[in-house]
Amino acid sequence: MKLILLGPPGAGKGTQAKILNEGLKIPHISTGDMLREEVKNQTELGKEVKKIMDSGALVPDNLINKVIEDRLGRDDTKKGFILDGFPRTEAQAITLDEILKKNSSGGIDLVLYFDATLKIIIERLSGRLVCRNCGVNFHKKNVPPKKDMICDFCNGQLYQRDDDKEDTVKNRIKVYEEKISPLIDYYQKQNKVRKINADLSANEAYDILMKLFKKENLS
Ligand code: AP5
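So the sequence shown is numbered by the numbering used here: it starts at 828 and just counts up by one.
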């Protein structure tokens, strides 16, 4: 199954993608996670994108397209994948179609549009904690770790993402709103968009997705 998760920052795409990855056994490909890894390892790419990410702007298409093309060229994507954070612009969606064509791996099955209200988004982003070691997301109130600032799964240190600061969040939402309509239109023309109520709990959203996959004969 080839899925794209679309939606505003903090809508719960990454959280749901990790649950889907366990259930469907297909890789979760998050361009945000991949870029943060480059920043952490201080690679050339990481140094180039750090400032851009910290400001909440988008990394240029030529850089991100290369990252995604390399990732989709790996064998573990043959049975499908969950794309989280890519594409983010219509131009990236066109590039994705070209990559899939080149890899002869068939088109995208569904685009899951995570529709969340602004109040929920702000609350989720301001409380998000991420494990520095394994990348799992927690939330100060919604998904608190058992031990303060320690990951339940690997004992790694939890931290707040640099781009979850208030001003950057505002800019990320603005950038998202500027880009989303043409992207949705692009996939709507292919009848691939399915809207999900992302204000619901992660378990409720997961149940809805499972029912949807069944209805679409994808399970
Ligand atoms: P990226 O990492 O992709 O950030 P984003 O799209 O802004 O999405 P988030 O990770 O903030 O939110 P999410 O929807 O995954 O929410 P989450 O599950 O964590 O991108 C970061 C930056 O990288 C961009 O700004 C850009 O600079 C660059 N970039 C990345 N891709 C790019 C591209 N394609 N092109 C150009 N630039 C690119 O949940 C949030 C919190 O809420 C967590 O604490 C979680 O525990 C909690 N939570 C989640 N779901 C629920 C729920 N249902 N109920 C209660 N709490 C919940």
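The C-beta atom is built at its ideal place from N, Cα and C for all residues, glycine as well.
Quick check: the Cα distance between residue i and residue j, rounded to an integer number of angstroms?
i, j, result
"Val886", "Met880", "7 Å"
"Ile831", "Arg988", "23 Å"
"Ser1008", "Gly837", "18 Å"
"Ile1023", "Lys928", "28 Å"
"Glu1005", "Glu1031", "29 Å"
"His966", "Gln843", "14 Å"
"Lys997", "Thr944", "14 Å"
"Phe980", "Pro972", "9 Å"
"Asp1034", "Leu1045", "14 Å"
"Ser932", "Asp975", "44 Å"
"Tyr1013", "Thr916", "10 Å"
"Asp888", "Val876", "12 Å"
"Ile856", "Glu1043", "22 Å"
"Leu1027", "Ile948", "12 Å"
For residue i, tell me which candidate among the options has the shortest Cα-Cα distance.
i, options, result
"Gly983", "Tyr1033, Met1037, Cys958 and Phe965", "Cys958"
"Gly934", "Gln1017, Leu985 and Ala884", "Gln1017"
"Lys829", "Phe908, Gly900, Ser1046 and Pro854", "Phe908"
"Asn930", "Leu1039, Gly962, Gln919 and Gly900", "Gly900"
"Pro835", "Asp888, Asp911 and Arg863", "Asp911"
"Lys992", "Asp936, Leu1036, Gly883 and Glu925", "Gly883"
"Pro914", "Ile926, Asp942 and Lys906", "Ile926"
"Asp990", "Leu872, Val866 and Leu1039", "Val866"
"Thr918", "Arg898, Leu890, Asp942 and Phe1040", "Here the sequence assigns Ala to residue 918, which means Thr is not the residue at that position. That would be Leu890, whose Cα lies nearest to the Cα of Ala918."
"Cys978", "Cys961, Lys874 and Ser953", "Cys961"
With the cut-off set at 8 Å, would you say residue i and residue j are in Cβ contact?
i, j, result
"Val1020", "Tyr940", "yes"
"Leu833", "Val938", "yes"
"Thr858", "Ile895", "yes"
"Gly839", "Arg955", "no"
"Ala1029", "Ile846", "yes"
Practice item. Identify every run of the alpha helix (DSSP H) within the region 952 to 994, keeping only runs that are complete inside it and at least 4 residues long; order them along the chain. Key: none
**Study point:** Any beta strand (DSSP E) of 3 or more consecutive residues that is wholly inside the region 836 to 895
**Key:** 855 to 857
**Study point:** Secondary structure, alpha helix (DSSP H): runs of 4+ residues fully inside the region 921 to 951
**Key:** none
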